[in-house]
Structures are given as structure tokens and as C-alpha cells.
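Novice: Have a look at this one.
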Amino acid sequence: MSVQLPIQTIETTDTHWSYRHRVAAGVALIVIGLLIAAGQVFQINMEGWAFFAVLAAIFLAWGLVTRTFGLIIPGGVLGGIGLGIFLTGLPVGGASEFITGGVFLIGFAAGWALISLLSLFTSDRLAWWPLIPGGILAAIGAVLMTGAAGLGLLTALGYAWPLALIGVGAYILLKRK
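Take the sequence shown: its position 64, counted from the start at 1, is 104 in my numbering, and no numbers get skipped.
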């Protein structure tokens, strides 16, 4: 005698997450729209850094709530730009253009580092790739802060890096298996 047990089918669609994504997207768009509309109606002169900071906070919160790394990226980039603008607006007695530009780039680089850090909250491993553009921006900013000598070095590197690309490309093409 054989006995058949009833088999239940379980749907694998994750309606909870899709609802959470929809709510987060709707709230984010409403907040952005309200901020822009309020700025136009009331002619609010929001500091540039504050606008970027608000947008960054929206994207970062949206990305963390929905655990979506793709939303952390614009949040980190916008946050870095906002931080760079904020830092360059601080009253630093007699800061040259070199210092101001370098400080902006280092603030912008911090936003790229934030992307890597927050990737730990949206996935099971660290996203290391944002450290590459962030590191390059921070290095350029640090070199720029040294003044005219740093600008000369950056100018020379500006001519050298295309040659390095050509060399690497030729190596790849000519390399034997």
C-alpha cells in the first residue's frame, strides 16, 4: 500500500522586498520633489554643499533600507562632492587655489571610501573597487596641496600616463601564451 502526501507549493517571489523597494523609492522621490519645489516657491538659497548632502542622505538611506548597493554609489559620490564643497567654504586664512582644490578632491575621495564602507551593509563582502578612484582623487589632492611643484608633477604625469597605457596595451598584444 502506498501513501501519497499532499505537496504544498511555496511561492518564491519575495513580495515583501518588492513592496519595501517601492515604498523607499516613492518616499525618496517625494522628498526630493518637495525639497526642489520648496526651494523654487520660497526662493530658498540653499548652500551647494547642503543640497548635495541632502541628496546623498536620501540615496544612502534608501540604499541601506533596501540593502541595494547600487543606491549607495550615487549617495557616496554626492556626499563626497558635498563634503568637498563644504570643506572649501571653510574660512582658512589665505588658502591658495592649490590648497582649496586639494581639499575638495580629498573630500570627494572620502565619498568613494564611504561607498566601500557601506557595501558591508548591503552585501556579504567589501566592495573594494571604489577605493581605486577614491585613492587616485586623494593622491591628486594631496599632491596638489603641495603647490606649484605638485602642479608640475601632475602636469608631467598627465603626459606620461597615456604612454603607460600604450605600453601596457602593446605588452598585452605582443605577449606570448
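Glycine residues also receive a C-beta, built at the ideal position from the N, C-alpha and C atoms.
What you are looking at is a predicted structure, and each value in this text was computed from that prediction instead of being measured.
Below 7 Å CB to CB, which residues in the same chain sit around L194 once its five sequence neighbours on both sides are set aside?
Specialist: Residue numbering aside, residue 194 sits at position 154 when the sequence shown is read from its first letter. Contacts found: I180, V183, L184.
Novice: Can at least three beta-carbon pairs, one atom from the stretch 62 to 77 and one from the stretch 113 to 121, be found at a separation below 8 Å?
Specialist: no
Novice: On the CB-based measure, 16 or more other CB atoms within 10 Å of its CB, does W102 come out buried or exposed?
Specialist: Here residue 102 is taken as the residue at index 62 of the sequence shown, counted from 1. Looking at its Cβ environment, which holds 16 or more other Cβ atoms inside 10 Å, W102 is buried.
Novice: If you drop the 5 nearest sequence neighbours on each side, which residues of the same chain put their C-beta closer than 8 Å to that of V105?
Specialist: Reading the sequence shown from its first residue, position 65 is the one you call residue 105. Counting only Cβ-Cβ distances below 8 Å, and skipping sequence neighbours, we find R60, A64.
Novice: Expressed to the nearest angstrom, what Euclidean distance is found between the alpha-carbon atoms of F109 and I176?
Specialist: On the sequence shown, position 69 is the one that residue 109 refers to. On the sequence shown, position 136 is the one that residue 176 refers to. F109 and I176: Cα-Cα distance of roughly 22 Å.
Novice: Tell me the rounded alpha-carbon separation between R107 and L214.
Specialist: The residue given as residue 107 occupies position 67 in the sequence shown. The residue given as residue 214 occupies position 174 in the sequence shown. Whole-angstrom Cα-Cα distance: 44 Å.
Novice: Just to check my reading of the structure: A153 and L166 have Cβ atoms closer than 8 Å, yes? What is that Cβ distance to the nearest angstrom?
Specialist: Position 113 of the sequence shown, counting from 1, holds the residue named residue 153. Position 126 of the sequence shown, counting from 1, holds the residue named residue 166. Contact doesn't hold; Cβ gap of about 11 Å is too wide.
Novice: Check this for me: beta carbons of A150 and G120, under 8 Å apart or not?
Specialist: Walking along the sequence shown from the start, residue 150 turns up at place 110. Walking along the sequence shown from the start, residue 120 turns up at place 80. Against a cut-off of 8 Å, the Cβ pair of G120 and A150 comes out as a contact.
Novice: Taking 8 Å as the cut-off, decide whether the C-beta atoms of A96 and G122 are in contact.
Specialist: Working through the sequence shown from its first residue, we reach residue 96 at position 56. Working through the sequence shown from its first residue, we reach residue 122 at position 82. The answer is yes: Cβ separation under 8 Å.
Novice: In three-state terms, what does DSSP make of S58?
Specialist: In the sequence shown, residue 58 corresponds to position 18, counting from 1. Reduced to three states, the DSSP call for S58 is helix.
Novice: Measure the alpha-carbon distance for G88 versus G174 and round it to whole angstroms.
Specialist: Indexing the sequence shown from 1 puts residue 88 at position 48. Indexing the sequence shown from 1 puts residue 174 at position 134. Their Cα atoms are separated by approximately 21 Å.
Novice: Give me the Cα-Cα distance between Y199 and T140, rounded to the nearest whole angstrom.
Specialist: Here residue 199 is taken as the residue at index 159 of the sequence shown, counted from 1. Here residue 140 is taken as the residue at index 100 of the sequence shown, counted from 1. Cα to Cα, Y199 sits roughly 24 Å from T140.
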